[in-house]
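Below: one structure, written as structure tokens.
There are 2 protein chains.
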Amino acid sequence: MASIKTIAHLAGTSVASVSRVINNSGYVSDRLRAKVEGAIAETNYRPSTGARLLRSGKSDLVGILLPSLDVQFFGILAHTMEQALFELGYQSFICSTAESGAHEARYIATFISRRVGGVIAASAESGAAHFSQLQANGIPIVAIDRDLNGLESDAVIIDHDLGGQMMAKHLIDLGHRNIAVVGAPAHSQSIQRRLTGVTTVLAQNGSTLSGLELGHLHNFEETYRLAKLLLDRTNRPTAIIGLTDIAAIGAIHAAHDLGLSVPQDLSIIGFDDIPSAAFVLPRLTTIAQPIRQLGRSAVARLHRLMSNDQSAEIETVPDLRLIHRETTAPPCC
Amino acid sequence: MASIKTIAHLAGTSVASVSRVINNSGYVSDRLRAKVEGAIAETNYRPSTGARLLRSGKSDLVGILLPSLDVQFFGILAHTMEQALFELGYQSFICSTAESGAHEARYIATFISRRVGGVIAASAESGAAHFSQLQANGIPIVAIDRDLNGLESDAVIIDHDLGGQMMAKHLIDLGHRNIAVVGAPAHSQSIQRRLTGVTTVLAQNGSTLSGLELGHLHNFEETYRLAKLLLDRTNRPTAIIGLTDIAAIGAIHAAHDLGLSVPQDLSIIGFDDIPSAAFVLPRLTTIAQPIRQLGRSAVARLHRLMSNDQSAEIETVPDLRLIHRETTAPPCC
DNA sequence: AAGATTTGTGGTATCGTTTTCATAAAAGGA
DNA sequence: TCCTTTTATGAAAACGATACCACAAATCTT
């Protein structure tokens with residue numbers, strides 16, 4: 001593969017001059033520049049990032065750590081952040097841990113090896129132990145919706161408690177008093193916080209949960225099963241809160257298969273606003289997470305950290321929004 | 334940041350010995366190995382990938398080029414390929430072009446700069462011009478569901494024509510003779526091939542399309558609008574083929590909003606089997622693309638190319654599958 | 001016209017690794 | 001015991017780029 005020497009030779013000059021042409025630094029005559037550029041075009045030469053980094057010590061690489069890419073939430077998040085970083089001239093190194101601690105550890109080691117300039121870590125529940133290595137190497141970290149317990153790092157978080165409150169409030173305002181909750185995965189902090197928000201509002205209204213089913217696995221089959229459990233009871237709830245849209249969609253299907261019509265017999269609300277929420281019939285009422293703004297906000301934070309910009313500009317952590325579609329209505333009869 | 338010299342100094346030995354410990358090569362005494370490993374643990378040292386690549390010339394990096402990550406299809410594809418590559422010891426460098434030629438060009442330049450060992454490019458319609466640079470640098474390429482016109486490269490493709498035939502055949506077998514098609518984006522090769530498959534089968538059965546609406550933008554709003562056009566006609570079709578699931582879901586909503594019931598009044602079939610297809614009510618009958626197998630197949634192909642494995646093991650290009658759910662039935666009345 | 005800048009170019013040390021080579025101690029073979 | 005292997009270690013040369021330094025030619029000042 002062509003190197004800077006190849007180019008220098010081809011253009012009949014020195015490596016120093018080629019470097020100057022590439023980096024637009026120092027003085028270069030038009031004649032020489034033309035010759036060098038010709039040689040570069042001819043050979044499809046590109047300067048080696050590795051050698052460059054080695055010498056200059058400057059890295060434009062940002063590590064992005066996500067639990068997965070096949071979950072739409074993270075796909076959108078990754079996409080948004082990559083675009084935002086691209087605009088700022090950074091390169092993104094996107095890694096999905098597949099929820100495995102071993103993968104996470106290996107990727108963090110890779111981040112250090114590749115000398116990333118910064119890291120954005122999106123919610124995953126595994127311990128924060130590995131991250132201290134990054135810190136030890138002076139690599140700034142921004143956490144998205146994740147607690148790096150104790151580790152000094154910037155974080156962009158969503159107010160899941162508030163989200164839970166919004167769901168409960170919406171149903172209470174419609175007149176529901178017999179409300180149950182279904183969700184997964186039970187161990188997730190975000191899920192737990194949403195639940196807290198829900199019970200808080202119910203308590204404020206002198207009410208309590210009439211049913212609660214939390215699953216271990218976050219998928220349709222599991223939440224469908226749990227929702228059915230809720231609906232099979234005597235004293236069936238008039239409304240179900242899905243702690244995620246998947247759970248809510250599971251509930252819609254459960255209701256449908258039980259011959260219940262939504263929202264006449266049962267109101268359902270979800271959380272996330274994944275694309276399917278708008279596709280399902282009836283269209284799902286839900287709380288939209290501002291995924292893209294979340295991503296952009298994290299990128300802005302990291303950019304500040306990496307460029308040592310001291311201006312403590314306030315980050316606008318974007319708000320949750322209630323999207324009132326077709327699955328909620330006042331309780332009938 | 335700690336370097337191999339730091340470690341050598343800390344362990345009271347030479348850089349050569351440290352290198353030997355790191356790479357498990359040559360002879361190292363247990364005593365020395367222990368000291369070196371101690372120093373490494375103490376400093377969180379990781380060898381610089383850049384310097385390593387520079388010296389050894391061996392790269393374990395694979396460039397993955399996709400049009401986007403926020404589209405579930407590509408999210409799943411990226412995720413699968415990353416996992417498969419991870420198992421094989423490769424690192425993935427995932428880049429989403431955001432369907433922009435400029436982004437694609439910059440990423441390909443980056444691939445060369447970073448000295449990737451190979452590239453997997455998933456379908457995007459922009460010219461193959463940039464890819465010749467990779468070839469010029471001796472970097473193997475595997476194309477997924479994409480034509481790198483003329484460029485000598487491996488390709489893993491889906492038989493969209495067959496997919497189209499399957500959709501049409503399913504409806505014909507159910508007894509439909511008045512069939513219309515809705516889809517987007519019109520310029521996509523895959524979309525066009527599916528359409529060809531559909532018309533072929535219709536022709537074989539002495540029939541023709543009773544309606545066709547192709548949109549430019551591939552989203553719900555657009556396909557919903559187009560499907561409505563189809564359903565507003567006199568001589569309404571008894572079945573609609575969505576060239577993608579999104580289009581089919583648009584059709585379901587259009588039918589629903591027009592008071593038509595699916596599948597009694599109208600059969601609908603889609604293509605892709607995105608998650609929403611199973612969530613929508615009624616659940617969408619569709620042709621499933623074997624995304625994960627596609628990804629694994631591409632990885633296997635590239636691995637062969639990169640490791641110079643001559644064994645011409647036949648790749649099993651995985652088959653399309655009809656998923657018969659609830660939106661198709663024989664025409665009534 | 002002479003000194004001071006500006007412009008243009010090349011030589012070379014350096015970054016952090018791996019790898020070859022040299023050398024020496026330990027172990028084995030006769 | 002002496003010679004050959006095996007084991008263990010270090011010195012130093014690359015790899016591809018950048019950046020500092022040196023130097024020369026051209027241009028500007030006065």
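Line by line, the protein sequences give chains B and U. Under the numbering used here, think of the first position of the first sequence as 1, with each following residue one higher. Under the numbering used here, think of the first position of the second sequence as 334, with each following residue one higher. Even for Gly, the Cβ is constructed at its ideal location relative to N, Cα and C.
Just measuring C-alpha positions, the residue of B:A255, B:A277, B:A2, B:E37 sitting nearest A288 (chain B) is B:A277.
Across the structure, C332 (chain B) and T199 (chain B) are spaced so that their CA atoms are roughly 23 Å apart.
Listed along chain B, the residues sitting closer than 9 Å to E415 (chain U) by beta-carbon distance are L69, I94, C95, S96, A98. Flagged as an interface residue toward chain B: T382 (chain U), by a C-beta distance shorter than 7 Å. Scanning its chain for C-beta atoms nearer than 8 Å, with the 5 sequence neighbours on each side dropped, one finds around D60 (chain B) the residues G89, Y90, Q91, G117, in chain order. In the structure shown, Q597 (chain U) adopts coil according to DSSP, grouped into three states.
Just so you know, the alpha carbons of I139 (chain B) and F406 (chain U) end up roughly 33 Å apart. If you look at A488 (chain U), you'll find it isn't in any alpha helix (DSSP H); it sits in the beta strand (DSSP E) that goes 487-489. Taken through DSSP and simplified to helix, strand or coil, L547 (chain U) comes out as strand. The residues H493, D494, in chain order, have a CB closer than 6 Å to that of R526 (chain U) in the same chain once the five nearest residues on each side in sequence are set aside. Straight across, the Cα-Cα distance linking T541 (chain U) with V515 (chain U) is about 15 Å. Counting only the Cα atoms, L593 (chain U) lies some 42 Å from T196 (chain B). Between P237 (chain B) and G211 (chain B), the gap from beta carbon to beta carbon is short of 7 Å.
In the three-state reduction of the DSSP assignment, Q91 (chain B) falls in the strand class, which pools E and B. Taking a cut-off of 8 Å for Cβ pairs, the stretch 364-374 of chain U and the stretch 36-52 of chain B do not touch, as fewer than three such pairs fall below it.
For a Cβ distance threshold of 7 Å, residue set T110 of chain B lies close to Q424 (chain U), ordered along the chain.
Shown here, I274 (chain B) sits in coil according to DSSP, grouped into three states, outside any helix or strand. DSSP places L65 (chain B) in the uninterrupted beta strand (DSSP E) bounded by 61-66. In the three-state reduction of the DSSP assignment, I4 (chain B) falls in the helix class. In this structure, B:D232 is the residue among B:D232, B:H187, B:E221 with its C-alpha nearest to the C-alpha of A180 (chain B). Cβ neighbours of D145 (chain B) within its own chain (closer than 6 Å, five residues either side excluded): S123, I157, I158.
Note on geometry: alpha-carbon atoms of D598 (chain U) and D257 (chain B) lie some 21 Å from one another. Across the stretch 357-388 of chain U, CB contacts with chain B closer than 9 Å involve T376, N377, Y378, R379, P380, S381, T382, G383, A384, R385, L386, L387, in sequence order along the chain.
Taken atom to atom, the span from the alpha-carbon of P67 (chain B) to that of S132 (chain B) is near 19 Å. Below the 7 Å Cβ cutoff, chain B contributes T49 as neighbours of R447 (chain U), in chain order. Only those residues of the stretch 127-138 of chain B whose C-beta falls short of 8 Å from the nearest C-beta of chain U are listed: Q133, A136, N137, G138. Its chain contains L65, L66, P67, S68, H103, E104, Y107, A124, S126 as the residues whose beta carbon lies nearer than 8 Å to that of T97 (chain B), once the 5 sequence neighbours on both sides are disregarded; these appear in chain order. Within 10 angstroms of the beta-carbon of D319 (chain B) lie fewer than 16 other beta-carbons, which makes it exposed.
Taking a cut-off of 8 Å for Cβ pairs, the stretch 604-618 of chain U and the stretch 568-584 of chain U touch, as three or more such pairs fall below it. Under DSSP, the beta-bridge partners assigned to G242 (chain B) are B:V182. Around T285 (chain B), the same chain offers I269, H324, R325, T327, T328 as residues with beta carbons nearer than 6 Å, after the five sequence neighbours per side are excluded.
Between A78 (chain B) and chain U, the shortest Cβ-Cβ separation is below 7 Å. H589 (chain U) has a beta carbon lying within less than 7 Å of a beta carbon in chain B. Under DSSP, S96 (chain B) forms a beta bridge with B:L66. Counting every other CB atom within 10 Å of its CB across the protein chains shown gives L550 (chain U) a total below 16, marking it as exposed. Across the stretch 569-590 of chain U, CB contacts with chain B closer than 8 Å involve I582, I585, H586, H589, in sequence order along the chain.
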